[in-house]
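Trainee: After the structure tokens below, expect a handful of questions from me.
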Amino acid sequence: MNLRDKIIAQIREIPDSLVQEVSDFIDFLLIKHSGNQWELWLEFKESLDIEEYDFADYLSDLEDDEIKQKKLIDEQAARDDFWAKRDAEIKQKNNT
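One gets the numbering used here by counting positions in the sequence shown from 1 and adding 746 to each.
The following block contains the structure:
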């Protein structure tokens, strides 16, 4: 059995949960050994890292905005309750 056949046999033995990882590694090796494609892949990877960082910032900002919005809604509800009670007290006072 030559090395290629041995590798193919090993691939057939791996669990399904690892198939994608093996495929990604094969893609990595093919790109790495295809000359300037390696440089393009590194640039692409760096752009993904930047996008992931930006997306994490976006999520953090979104969570902050949601917290602020909830606080504003709670404050408005408290004001509404205050004025509703005040109106009820005035009506009750006027009825007596």
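For each residue, glycine too, the CB sits at the ideal point set by N, CA and C.
(1) For residue 780, report the span of its alpha helix (DSSP H) as first-last.
(2) For residue 805 and residue 812, what's the separation of their Cα atoms in angstroms?
(3) Is the distance from the Cβ of residue 787 to the Cβ of residue 772 below 7 Å?
(4) Could you check the C-alpha separation between residue 834 and residue 794 for me, to the nearest Å?
(5) Look up residue 748 in the DSSP assignment and say whether it is helix, strand or coil.
Mentor: To lay it out plainly:
(1) Within the sequence shown, residue 780 is the residue found at index 34, counting from 1. Segment: none, residue 780 is in no alpha helix (DSSP H) and carries neither H nor E.
(2) Within the sequence shown, numbered from 1, the residue matching residue 805 stands at position 59. Within the sequence shown, numbered from 1, the residue matching residue 812 stands at position 66. Distance between the alpha carbons of residue 805 and residue 812 is about 10 Å.
(3) Sequence index remark: in the sequence shown, residue 787 carries index 41 (1-based). Sequence index remark: in the sequence shown, residue 772 carries index 26 (1-based). Result no, Cβ atoms of residue 787 and residue 772 do not sit closer than 7 Å.
(4) Counted from its first residue, the sequence shown places residue 834 at position 88. Counted from its first residue, the sequence shown places residue 794 at position 48. Using only the alpha carbons, I get a separation of about 59 Å.
(5) Residue 748 sits at position 2 when you count from the first residue of the sequence shown. In this structure, residue 748 counts as coil in the three-state DSSP scheme.
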